[in-house]
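Student: In the working numbering, the protein residues as written are 1291 to 1673. We put the CB at the ideal spot given by N, CA and C, even for glycine.
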Ligand SMILES: Cc1ncc(COP(=O)(O)O)c(C=O)c1O
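#1: Are residue 1517 and residue 1490 closer than 7 angstroms when you measure CB to CB?
#2: In terms of DSSP beta bridges, what is residue 1650 paired with?
#3: Can you name, in chain order, every residue of its own chain whose Cβ lies under 6 angstroms from the Cβ of residue 1680, other than the five neighbours on each side?
#4: Considering just the uninterrupted stretch of the alpha helix (DSSP H) at residue 1658, what are its terminal residues?
#5: Does residue 1524 pass the burial test, meaning 16 or more other C-beta atoms within 10 Å, or should it be called exposed?
#6: How many Å lie between residue 1622 and residue 1649 at the Cα?
#7: According to the Cβ coordinates, are residue 1554 and residue 1384 closer than 7 angstroms?
#8: Please report how far the alpha carbon of residue 1396 lies from the alpha carbon of residue 1535, in whole angstroms.
#9: Pull up the DSSP beta-bridge partners for residue 1531, would you.
#10: Taking 8 angstroms as the cut-off, does the stretch 1348 to 1364 touch the stretch 1470 to 1485 (at least 3 CB pairs, one atom from each stretch)?
#11: Measuring straight from C-alpha to C-alpha, what distance separates residue 1528 and residue 1657?
#12: With a threshold of 16 other CB atoms inside 10 Å of the CB of residue 1435, please say whether the residue is buried or exposed.
#13: Between which two residues does the beta strand (DSSP E) holding residue 1470 run?
#14: For the stretch 1371 to 1456, which segments carrying the beta strand (DSSP E) assignment without a break, of at least 3 residues, lie completely within its bounds, in sequence order?
#15: For a test of the three-state rule: what should DSSP assign to residue 1688, helix, strand or coil?
#16: Can you list the residues near ligand 1, meaning Cβ strictly closer than 6 angstroms to any non-hydrogen atom, in the order they appear in the chain?
#17: Is residue 1320 helix, strand or coil by DSSP?
#18: According to DSSP, is residue 1671 helix, strand or coil?
#19: Just list the residues that DSSP pairs residue 1598 with in beta bridges.
#20: Buried or exposed: residue 1579, going by 16 or more other Cβ atoms within 10 Å of its Cβ?
#21: So the alpha helix (DSSP H) residue 1547 belongs to, where does it begin and stop?
#22: Per DSSP, which one or two residues make a beta bridge with residue 1636?
#23: Quick check on DSSP: helix, strand or coil for residue 1364?
#24: With a cut-off of 8 angstroms, do at least 3 Cβ pairs link the stretch 1466 to 1480 to the stretch 1504 to 1511?
#25: According to the neighbour-count rule (16 or more other Cβ atoms, all chains shown, within 10 Å of its Cβ), is residue 1407 buried or exposed?
#26: Cβ atoms of residue 1605 and residue 1653: under 7 angstroms apart, would you say?
#27: According to DSSP, is residue 1573 part of a helix, a strand, or is it coil?
#28: Below 8 angstroms on the Cβ atoms is my contact criterion, and I expect residue 1577 with residue 1492 to pass it. Report the Cβ-Cβ distance as a whole number of Å.
#29: In whole angstroms, what separates the C-alpha of residue 1381 from that of residue 1593?
#30: Determine the contact status of residue 1561 and residue 1338, defining contact as a CB-CB distance below 7 angstroms.
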């Protein structure tokens, strides 16, 4: 058999998938590992998608997406994100995942470096490795409220650095980058002439400060923004997201889309129009449900004596279990799943700084979340 491309071996396996694959083989598992909303899809969205299939709207669409969807996104960006763009700057993608990938493919070449949050969403590193790009982790440490440290970023930047990835609200941390910090990050990017790739897929789920879109603060066209319908509308399997680019890139974007996906499935795009233009009460309900779970989960963690983040966004709890893991949280999470029947995401799956921590997904029933927490090894007891 011929060999694979040599760099493919350097693409890290997802530590979350590993837990998921063990969990599906077991009975009675409390599932807090995968970042999957537990809400049903809203009827008006599902009906629009079903009608599109029934009407045989199954042909190719333009590479950037159908006109009504791109226009609905332009209006939403102006209304919700204070981002004023032309339709040609909006590209409908296969979830946020492909938006990230296509942006990285456009901005980074082999041997370049990209600054990625650590802990941070796994795909940032995986995509970089697939492109023979070096991911350079910047730490989000407890000592700095789990926020980026500008001095550290200054130390990490080299003449090969081309892109800074930011993610707010953060997966896995649930932290939010405030406006002032985003301005400082933009300033840093400008000083070093970097592109910024801003992942905002949890934009609708913030619990204090309202979400700020990096591109709304950008005056010199260096920000690419990644959005998704997956989390907002509980449509993770519909696979619709979008990339918002600076102006003047439509020819290259069209080519990249053509060669990688062609287009997103038309019924999914039609469902997406219904989602974006339709009633949002179900999104408000989901937000209330996540906040209520996060509050209940955080207060139980406090009661039991766990160190954790009080999330300002997304739907995750980031919990210190280093007292029980012996320096190998990934191995511990597997044993914990087998013995206690609770699936959690090991923090090390999100980068080196995640060692000793776990991520619990609070997009679950409150009963499951609280029971999952009760089964954790309490600090200060012998394990
Ligand atoms: C930070 C972040 N970005 C992007 C994605 C990708 O989402 P999707 O491809 O389902 O839209 C996820 C999914 O978990 C995420 O957590």
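Tutor: Inspection of the coordinates gives the following:
#1: The answer is yes: Cβ separation under 7 angstroms.
#2: BP columns for residue 1650 point to 1607.
#3: Coverage of the chain is limited to positions 1291 through 1673, which leaves residue 1680 absent and any answer about it impossible.
#4: Note, residue 1658: alpha helix (DSSP H), 1656 to 1664.
#5: Residue 1524 comes out buried.
#6: Residue 1622 and residue 1649: Cα-Cα distance of roughly 13 angstroms.
#7: Result yes, Cβ atoms of residue 1554 and residue 1384 sit closer than 7 angstroms.
#8: Going from the Cα of residue 1396 to the Cα of residue 1535 covers about 11 angstroms.
#9: 1383, 1518.
#10: Contact fails: fewer than three Cβ-Cβ distances are below 8 angstroms.
#11: Using only the alpha carbons, I get a separation of about 28 angstroms.
#12: Looking at its Cβ environment, which holds fewer than 16 other Cβ atoms inside 10 Å, residue 1435 is exposed.
#13: Residue 1470 -> not in any beta strand (DSSP E); alpha helix (DSSP H) instead, spanning 1469 to 1481.
#14: Every beta strand (DSSP E) of 3 residues or more that sits fully in the stretch 1371 to 1456 is shown, in chain order, as 1380 to 1383, 1403 to 1408, 1424 to 1429.
#15: The question about residue 1688 has no answer here: the residues shown for the chain are numbered 1291 through 1673.
#16: Ordered by chain, the residues meeting the criterion of a beta-carbon within less than 6 angstroms of a non-hydrogen atom of ligand 1 are 1325, 1385, 1386, 1387, 1411, 1457, 1461, 1489, 1491, 1518, 1520, 1526, 1531.
#17: Note: residue 1320 maps to strand in three-state DSSP.
#18: In the displayed model, residue 1671 falls within coil according to three-state DSSP, outside both helix and strand.
#19: The partner list for residue 1598 (beta bridge, DSSP) reads 1609.
#20: Buried, by the Cβ-count rule.
#21: If you look at residue 1547, you'll find it in the alpha helix (DSSP H) that goes 1540 to 1550.
#22: Residue 1636 is bridged to 1648.
#23: If DSSP states are grouped into helix, strand and coil, residue 1364 belongs with the helices.
#24: Judged by pairs of C-beta atoms under 8 angstroms, the stretch 1466 to 1480 touches the stretch 1504 to 1511, as three or more such pairs exist.
#25: Answer is buried; the Cβ neighbour count reaches 16.
#26: Taking 7 angstroms as the cut-off, the Cβ atoms of residue 1653 and residue 1605 count as close.
#27: Reduced to three states, the DSSP call for residue 1573 is helix.
#28: Actually they are not in contact, since the Cβ atoms of residue 1577 and residue 1492 sit about 11 angstroms apart, beyond 8 angstroms.
#29: Straight-line Cα distance between these residues: approximately 46 angstroms.
#30: With contacts defined by Cβ atoms closer than 7 angstroms, residue 1561 and residue 1338 form a contacting pair.
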